[in-house]
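Asks:
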Amino acid sequence: MHHSNDVVHATIAIVTLSDTRTVAEDKSGQLIRQLIDDRHKVGSYTLIPDDPQLLTSNLLELVADPEIDVILCNGGTGMSKRDYTYATIKPLLDKELVGFGEQFRQQSYKEIGVKGLFSNAIAGTINETALFALPGSSNAVKLGMETFILPMLPHLLGELRK
-19 MHHSNDVVHA TIAIVTLSDT RTVAEDKSGQ LIRQLIDDRH KVGSYTLIPD DPQLLTSNLL
41 ELVADPEIDV ILCNGGTGMS KRDYTYATIK PLLDKELVGF GEQFRQQSYK EIGVKGLFSN
101 AIAGTINETA LFALPGSSNA VKLGMETFIL PMLPHLLGEL RK
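Counting with my numbering, you get residues -19 to 142 for the letters of the sequence shown.
1. May I have the straight-line CA-CA distance separating Met59 from Ile12, to the nearest angstrom?
2. Quick one: Cα of Thr2 to Cα of Ser8, how far?
3. For Ile48, does the three-state DSSP call read helix, strand or coil?
4. In whole angstroms, give me the CA-to-CA distance for Asp30 and Arg141.
5. With Ile28 and Val(-5) assumed to form a contact (beta carbons below 8 Å), what rounded beta-carbon distance in angstroms separates them?
6. Which partner residues of Gly104 appear in the DSSP bridge assignment?
7. Let me confirm a value: Ser(-16) is counted as buried when at least 16 other C-beta atoms fall within 10 Å, else exposed. Which label applies?
8. At which residue ranges does the stretch -16 to 42 contain complete beta strand (DSSP E) runs of 3 or more residues, listed in the order of the chain?
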């Protein structure tokens, strides 16, 4: 059994989905970089528009890269017409980590009320690559990274590497 203090190094791909942000304005993508601790490294960073085909091709490219262990998406998980992240990712997953989305929404609800229920945060695996999708707000990224993703990575990656 892995414990949260086990040293597990991961190479992480950051994918920001936005029709309006530029790289310079991508505070959530920058925050993910800052929150990745010394045990992990950023293997790639991409900012793409909210487009299902672009997201699918980008994710499949990253999954095919043997250096990438984890994909962290941010943006496009809400309910607007251009939010396609959840609907695009869900059918690609081999296994869904259902509790991630449930707990993320529960914690978001505690912090911001009913607006937290609009998040379609999702996590799972494609082949041996872990994938997480968070809302694009910096507060949501901070919550997801600090409360869920970083603490669970050692155990999740240990399981995927068996």
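Beta carbons are placed, not taken as given, at the ideal position from N, Cα and C, and that holds for glycine.
Replies: Walking through what the data contain:
1. Start at 1 with the first residue of the sequence shown, and residue 59 comes out as number 79. Start at 1 with the first residue of the sequence shown, and residue 12 comes out as number 32. Spanning the two alpha carbons is a distance of roughly 23 Å.
2. The sequence position of residue 2 within the sequence shown is 22, counting from 1. The sequence position of residue 8 within the sequence shown is 28, counting from 1. Each residue's alpha carbon lies about 11 Å from the other.
3. For the purposes of this step, residue 48 is identified with residue 68 of the sequence shown, where counting begins at 1. Coil.
4. Within the sequence shown, the letter at position 50 stands for residue 30. Within the sequence shown, the letter at position 161 stands for residue 141. Taking the straight line joining both Cα atoms gives about 31 Å.
5. Within the sequence shown, residue 28 is the residue found at index 48, counting from 1. Within the sequence shown, residue -5 is the residue found at index 15, counting from 1. Ile28 to Val(-5), Cβ: 7 Å. Contact.
6. By one-based count along the sequence shown, residue 104 stands at place 124. Note: Gly104 sits in a beta bridge opposite Glu76, Leu111.
7. Stepping through the sequence shown from its first residue, residue -16 is reached at position 4. Confidence at Ser(-16) is low in this model, with a pLDDT of 44, below 50, so its placement is unreliable and no value can be given for it.
8. Runs of the beta strand (DSSP E) inside the stretch -16 to 42: -10 to -3, 20 to 28.
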